[in-house]
Each structure stands twice: as structure tokens, then as C-alpha cells.
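Every letter in the sequence shown is one number past the one before it in numbering that gives the first Met the number 0, and letter 109, counting from 1, is 108.
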Amino acid sequence: MSRYFFAVAGLTLAVLLAGCATPGNQGMLTYETNPEGAQLFEGGQAIGTAPVTRTYAGDGKAAQITTPEVTAVWPSGAKASFWTKIDVGSDRVTTIERPAKAPNLQADLDNAAKFKLAREQAQAREKQEALRDQARNSARCKAQQSGQSKSVLDDCN
Numbered sequence: 000m001s002r003y004f005f006a007v008a009g010l011t012l013a014v015l016l017a018g019c020a021t022p023g024n025q026g027m028l029t030y031e032t033n034p035e036g037a038q039l040f041e042g043g044q045a046i047g048t049a050p051v052t053r054t055y056a057g058d059g060k061a062a063q064i065t066t067p068e069v070t071a072v073w074p075s076g077a078k079a080s081f082w083t084k085i086d087v088g089s090d091r092v093t094t095i096e097r098p099a100k101a102p103n104l105q106a107d108l109d110n111a112a113k114f115k116l117a118r119e120q121a122q123a124r125e126k127q128e129a130l131r132d133q134a135r136n137s138a139r140c141k142a143q144q145s146g147q148s149k150s151v152l153d154d155c156n
């Protein structure tokens with residue numbers, strides 16, 4: 000009996016806590032950097048390589064959320080920090096700019112080129128996968144897969 004009680008109490012508590020973090024009381028902010036590829040830190044903790052999307056909870060009373068300060072650090076050592084206010088329920092994108100007078104710009108541009116190439120390769124893979132899925136779902140592939148067609152089509156496998 001007590002095991003059942005604790006299980007129900009735990010489940011009830013989990014549901015109540017989940018209800019406190021409703022999307023209507025949150026705002027999202029995606030941090031991008033220019034040039035691409037800076038490491039991002041929030042409160043001294045690494046949160047990833049830009050772009051990074053963060054969700055911030057409001058206090059339930061105010062219409063805006065004050066974001067914590069986020070610092071972008073490029074491979075050259077250049078740093079820039081940013082904070083803002085976002086509306087509850089919003090989904091925004093911001094770009095943190097590298098300081099113009101920071102030294103070793105070329106190191107950061109070279110790093111950004113690597114990120115751009117990786118993004119383009121990922122997009123090309125996604126496009127190829129979409130085309131492959133489209134071909135597999137075509138009428139001729141469906142006929143071949145159901146055994147109505149005797150020919151073997153490479154793009155249907």
C-alpha cells in the first residue's frame with residue numbers, strides 16, 4: 000500500500016512541476032555569432048558552439064524575461080557579451096558580433112569557413128535523403144515493393 004502511495008504521490012508531483020514550466024511562461028532565444036563558430040558561455044558555463052538556442056522561464060508576472068549575459072569567445076580570443084529582454088512566448092534570434100578591433104581576425108574567419116562547409120555538407124546530405132525518400136515513396140517504387148513489378152530499381156532500395 001505504501002509503495003502505491005509513493006508512486007502516485009511521485010507521479011502527481013511530476014505532473015505539477017511539469018505544469019509550472021508551460022511554454023506560455025517561456026521565451027526562446029537563438030544565439031548566432033559573426034563570424035560563425037564562437038564558443039558561448041552563460042554564467043561562466045559553456046553552453047556550446049553557436050548557434051545555440053536557449054529557453055528562458057519567466058516569473059509568471061512580467062511580460063518580458065531578462066536573459067542572463069552570454070559571452071561569445073572566438074578562437075582568436077576575441078570576446079563579446081550580450082544580454083537582452085525578450086517577450087514571454089517569443090522565439091527570437093540574435094547575432095553576437097565579434098569586436099571589430101580585436102586582433103587575429105583571420106583565425107576566426109578560417110574557423111567560420113569550417114563551420115560553413117560542415118553546414119553546407121549537412122544540408123546536401125539532408126537534400127539527398129529527402130530525394131531518396133521521395134523516390135522510395137513514388138508509385139513505381141511502391142509497385143516494385145509490392146511485387147507487381149519484376150524489375151529491380153536501385154533507387155527504390
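Quick reminder that beta carbons are idealized off the backbone N, C-alpha and C, glycines included.
Since we're looking at a predicted model, the values are computed, not measured.
Here's a check: name, in chain order, each residue in its chain whose Cβ is nearer than 6 Å to the Cβ of residue i, leaving out the five neighbours to either side.
i	result
glutamate 68	Ser80 and Trp82
phenylalanine 40	Thr70
serine 89	Gly26
serine 137	none
glutamate 119	none
How about residue i and residue j: are their beta carbons less than 8 Å apart?
i	j	result
arginine 53	isoleucine 46	yes
serine 75	asparagine 103	yes
phenylalanine 114	glycine 36	yes
aspartate 109	arginine 97	no
glutamate 77	alanine 101	Reading off the sequence, residue 77 comes out as alanine, not glutamate. Result yes, Cβ atoms of alanine 77 and alanine 101 sit closer than 8 Å.
tyrosine 30	isoleucine 85	no
In the DSSP output, what is residue i paired with across the bridge?
i	result
leucine 39	Gly47 and Ala71
arginine 91	Leu28
threonine 66	None; threonine 66 has no bridge partner.
aspartate 107	Aspartate 107 pairs with nothing; no bridge assigned.
aspartate 86	Gln63
arginine 53	Leu28
arginine 81	Rather than arginine, the amino acid found at residue 81 in this sequence is phenylalanine. Its beta-bridge partners are Val69.
Contact check, residue i vs residue j under 8 Å by CB: the rounded distance?
i	j	result
alanine 71	alanine 49	7 Å
leucine 116	threonine 66	That belief does not hold up - the Cβ atoms of leucine 116 and threonine 66 are roughly 31 Å apart, past 8 Å.
Which residues in the same chain as residue i place their Cβ atom closer than 8 Å to its Cβ, once the five residues preceding and following it in sequence are excluded?
i	result
glutamine 44	none
methionine 0	Caution applies to methionine 0, whose pLDDT of 48 falls short of 50 and renders its modelled position unreliable; the model cannot decide the point.
Is residue i near the ligand FMN - that is, is its Cβ less than 7 Å away from at least one heavy atom of it?
i	result
glycine 42	In the structure on display, the ligand FMN does not appear, and there are no ligands present to speak of.
Within 10 angstroms of its Cβ, does residue i collect 16 or more other Cβ (buried), or is it exposed?
i	result
arginine 124	exposed
alanine 61	exposed
valine 92	exposed
alanine 121	exposed
alanine 111	buried
If you drop the 5 nearest sequence neighbours on each side, which residues of the same chain put their C-beta closer than 7 Å to that of residue i?
i	result
glutamine 127	none
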